[in-house]
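Residues in the sequence shown are numbered consecutively from 16, following my numbering. By construction, the Cβ of each residue, glycine as well, lies at the ideal position given by its N, Cα and C atoms. This structure is a prediction, so every number in the text was calculated from the model and none was measured.
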Amino acid sequence: MSLLKEFKLNLLLSNVANVENLRLGKYIKMSSLFNRWSLLMLIIFFGSCFEAPNYSVIPVIELKSVSFIDVADPYNVDSLQVVIGFKDGDGDLGLNANETDAPYNEKTYLYTNTGTLVTYKTKRTNPNYAYLPSFVSPYNCTNWEVRKKDQQIDTVYFESNPNQYNIFVQFYLKNQDGSYSEFDWQKEFASYPSCGETFNGRFPVLSKDLSLKKPLEGSIKYSMKSVGFLVLFNIKTLKLRITIQDRALNKSNTIDTGDFTLQQIMSGG
16 MSLLKEFKLN LLLSNVANVE NLRLGKYIKM SSLFNRWSLL MLIIFFGSCF
66 EAPNYSVIPV IELKSVSFID VADPYNVDSL QVVIGFKDGD GDLGLNANET
116 DAPYNEKTYL YTNTGTLVTY KTKRTNPNYA YLPSFVSPYN CTNWEVRKKD
166 QQIDTVYFES NPNQYNIFVQ FYLKNQDGSY SEFDWQKEFA SYPSCGETFN
216 GRFPVLSKDL SLKKPLEGSI KYSMKSVGFL VLFNIKTLKL RITIQDRALN
266 KSNTIDTGDF TLQQIMSGG
């Protein structure tokens, strides 16, 4: 049994979104809204002399806990934390920060049949691209990227690539009739030039050697940090849906936290 090796990997990764307005019926002015996530992982490696379990190569996850950390400092960030257990048959979990080539690239750009980038001028002048969404007020960062070079400005079409992430978190608010509505952070705060952020993210490569294709089992503590949680949700009922994805782009099962309010799962920071 000593062939089981365990280690804890602590790392702090961050995404910071500067957002001028929070929409809560009316706009509430805030200087910034910090969206960050951090990871704490406990991983079990199965050695060659130990009979490895027969796990599926498609990752399987389970919910272990969900909690909300309310920090006393009003200028610091609160944390919504989930702990998920995972099992994977070939250990191909994780993406490092420098992996930005396809299929893990952030954006996919569209090209004409002559090999030039599709711009907003292309949309306006070429009927083949008239179907593309408009870039009009109120502007957003969803599909159009403004580029400035040598005092020239081009607005280039792109599509965000979901495979840049390997952990996906969806927020849902419960309605009075018992149904749920997704709270999409990117859409709620996608007011150009401040682009909406997301709590989707990356955890790094977990295997010491991906070529060995050995099974992995462990847990991931995923902390989502923001000064906006209590402002936005307070006593509202919400739930999260969480999925992870391996390097071969196999998605795991989706886990559901079930209903909760921040007050119900709150602890002091």
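Within the stretch 152-237, the complete alpha helix (DSSP H) segments at least 4 residues long are 200-203, listed from N- to C-terminus. Taken through DSSP and simplified to helix, strand or coil, Y124 comes out as strand. In the DSSP assignment, T140 falls within the unbroken alpha helix (DSSP H) covering Y135 to T140.
In the three-state DSSP reduction, L95 falls in the strand class (E or B).
Per DSSP, F244 lies in no beta strand (DSSP E) segment; the continuous alpha helix (DSSP H) that holds it begins and ends at F244 to L247. Within its own chain, the residues whose Cβ lies closer than 8 Å to the Cβ of I99, once the five positions on either side in sequence are excluded, are I76, E77, L78, K79, S234, I235, Y237, I257, I259 and I270, listed in chain order. L108 and L221 do touch by the CB rule: their CB atoms are close to 5 Å apart, below 8 Å. Annotated as distal: L125 and N178, with beta-carbon spacing of 7 Å or more.
Between V81 and V242, the CB-CB gap reaches or exceeds 7 Å.
Between N181 and F218, the beta carbon gap of about 6 Å places them in contact (Cβ cut-off 8 Å).
Between the alpha carbons of V171 and V133 lies a distance of about 6 Å. By the criterion of a C-beta distance shorter than 6 Å, P68 is surrounded in its chain by P230, once the five residues flanking it on both sides are discounted. In the DSSP annotation of this structure, the continuous segment of the beta strand (DSSP E) that includes T258 starts and ends at L253 to I259.
A Cβ-Cβ separation of about 16 Å leaves K202 out of contact with Y195 under the 8 Å criterion.
Note on geometry: alpha-carbon atoms of F186 and T272 lie some 10 Å from one another. The Cβ-Cβ distance between P118 and D261 does not fall below 7 Å.
For Q96, the number of other beta carbons within 10 angstroms of its own is at least 16, and it is reported as buried.
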